[in-house]
Amino acid sequence: MAEKLKRENDILTLKIELSPPERVRCILQSLDGSRLRSDALWEGAAAAFGVAPSGGRPGAWLRDARFQLPAALPDALKRGVADWRSADPGREAALWVHLAKPYGALRYVPWERLLVDAVDMPVLMLPDFIFPPPLESTSTLDVALCASAPLNCEHHCVAMGLHDAIDAILHGSDRPVRVHVFADQAMHDALRDGGLPPEVKLHDPQAAAPYVVDDPSSRLLDQAGLLRSPWLLWMREALKDFSTDAVHFVCHGHLSGNYGAMLFAQSPLGRTDQFLAGPVGCAELSGFLTQVGAWSTAFSAPADNHSSAGLRALADEIAQTLPGPMLLFDPREGDVGDLIAGYRFVHSPSPQSPPRSRGLFLYCQPYLLSEERNRDEPAELAQHLFQRAELQARNAPQAASAHRAFQEYVGESSKSVRPMGNSNTRGKSISAVTAATERLAEQVQVQYQQVLRDQVIPEAIAQSEMSVAMDTIDLLRKAVGQIESRRLIGEIDTRLEEMERECEPPAPAAAPPQAKDVVEANGIDETESAGGTEGAGQTEMVGEKTMPEGLRLQAEHMAQIREATADLAQLSLDENFDLEALSGRLRRAEEVAERYERQCLRDGESEAMGK
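In the working numbering, the protein residues as written are 5 to 615.
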């Protein structure tokens, strides 16, 4: 599948193959017209990279490993890169590393650190499957951030990594961000007392109490993917009402045999030896990421990482298992600016230059470099929804009416009127259940791509089984679409009712008493009541402020209706979905908003004439 990616994208790739007995071959590949050109750069023993024979236990030799590039490879690589650049100096320059499976101990080599200086360009890792941009939130970027250190590891370095990660997430995206922070009790209290930006939601570790049980067993060999970690169970429960885009872990690595994992504190309630915390490996972690709907994963290693190889092995396995981007940040080789650049590259709505960093291990698909990236504005997302409305319309006037309604609410004009307010008050764009369904579908497709690549079973059988699996996924999508469409229609109706209620004229107020009557009734000297003019002025000022506030609320309702409509466009809707009724709701909302605006203008003119 990686070979197809190379043929479909104008990228420069260093393909690294491992073959018996411990021989490595390095090939530089690029497009030459419609042909994939391959130039052999180097071939020799794996030991030239500092890798021990595969027969040895990784834990034994990794502690003293000295990774390096073979002496002849850098010069050959520089010449190849120079030739590629000279052919088209204007294209985005990055070197993609393709580790051809099986690649054994080569997974532990820090390719970004060794190659960035050699080629003087960003280094990105190419996954061995093909996948388009994921279905994600178009408004708020929801990131779950978890930081934890076991009892026998330094607490300070993880806390520093947590602060750096918060900065990177907040400054690495051009759209509103909401960060959900999960940390043990000590870190939670320090963050709470130190103050946090409004975009950060700090979750109380006490909510994890129901999931803290005595479970000393290792989870690394459990391939079922069941969640047993109290941290992941707590996070899943807390995130169930959000569409999580990315999950970021600040934690120590662990290596058990050939399996990479990450280590958490024994309990979110505190670092204690009362409970035994097993390491969390790829099977359990990938299950969690799918269940919360996350399409992107990130890891930050603490400066005193217990096992760099263990965390790297886990990150590599996640990147080759799940289709979304994956980044691993090493603060010993880079700074927080590199992490910010990594987030901007992965999560910005518009194309960004890839980060050039020795400290970022980054897997992603080449679409991140494309000018077509994230073109799905609300108008485009709703296009197939409108087409359905046309089919359901009984005649041409109904079709034209539906067209006008959808253009009004999810057309080009909506780009300029979408409010970008406080992210804590923003509704999610797609629900957690929709996102989780999409992640499941993506994971099934990736698994069958890998079956086809590895030729585990005949291609015809694999294609047939994949077709059956995807038909089942489509049925699940439709079921989820029905549930979500009812929720979104309910949200539109609620907003519309609030708009109509706010538009109702207020009950006539009783005539205000004459000033003379007030003075006589209260026995106040007329000279003492001279300050009444100031009070009246304040009332008018308050009245002047209420009118814009009402308009602001109407605009907020309209924005939420637009967003719910765009969300409907992302669902697998049943063919019986009543789009004509939805169009009617949108027209009513527009009429109410216009009526309210005219009413406010009339009130303002009347008040001005009264003065």
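Glycine residues also receive a C-beta, built at the ideal position from the N, C-alpha and C atoms. Source: prediction; values computed, not measured.
- DSSP places residue 19 within a strand segment (E or B) once states are collapsed to three.
- With a cutoff of 8 Å on beta-carbon distance, residue 254 and residue 177 are scored as not near each other.
- Taking the CA atoms as reference points, residue 121 sits about 43 Å from residue 209.
- In the DSSP assignment, residue 338 falls outside any alpha helix (DSSP H), carrying neither H nor E.
- Distances from the CA of residue 145 to each of 348, 483, 294, 330 were compared; the closest alpha carbon is that of 348.
- Note that the C-beta distance between residue 98 and residue 125 is below 8 Å.
- In this structure, DSSP gives residue 297 a state outside helix and strand, which the three-state scheme calls coil.
- Check the Cα spacing between residue 323 and each of 45, 264, 306: the tightest is with 264.
- DSSP places residue 36 in no alpha helix (DSSP H) but in the uninterrupted beta strand (DSSP E) bounded by 27-36.
- Secondary structure note for residue 151: its beta strand (DSSP E) is the uninterrupted segment 145-151.
- Annotation for residue 187: 151 place their beta carbon closer than 6 Å to its own, counting only its chain and skipping 5 residues before and after.
- Residue burial annotation: residue 462 is exposed, with fewer than 16 other C-beta atoms found within 10 angstroms of its C-beta.
- The beta carbon of residue 159 is closer than 8 Å to those of 153, 190, 191, 275 in its chain, skipping five residues each way along the sequence.
- When the Cα atoms are used, residue 204 and residue 252 turn out to be separated by approximately 14 Å.
- Apart from the 5 residues on each side of it in sequence, residue 65 sits with its Cβ closer than 7 Å to the Cβ of 56 in its chain, given in chain order.
- When rounded, the separation of the alpha-carbon atoms in residue 171 and residue 357 is 20 Å.
- Excluding the 5 residues flanking it on each side, residue 216 has same chain C-beta neighbours closer than 8 Å at 234, 271, 272, 273, 279, in chain order.
- Around the beta carbon of residue 214, a 10 Å sphere encloses fewer than 16 other beta carbons of the protein chains shown; the residue is thus reported as exposed.
- Distance from the CA of residue 298 to the CA of residue 288, rounded to the nearest whole angstrom, comes to 14 Å.
- Assigned with DSSP and collapsed to three states, residue 130 falls in coil, not helix or strand.
- Counting along the chain, residue 113 sits inside no beta strand (DSSP E), nor does DSSP assign it H or E at all.
- The stretch 353-373 makes no contact with the stretch 162-170: fewer than 3 CB pairs, one atom from each, lie closer than 8 Å.
- The bridge partners DSSP lists for residue 46 are 30.
- Spatial neighbours of residue 596 in its own chain (CB-CB distance under 6 Å, excluding positions within 5 residues in sequence) are listed in chain order as 503, 504, 507.
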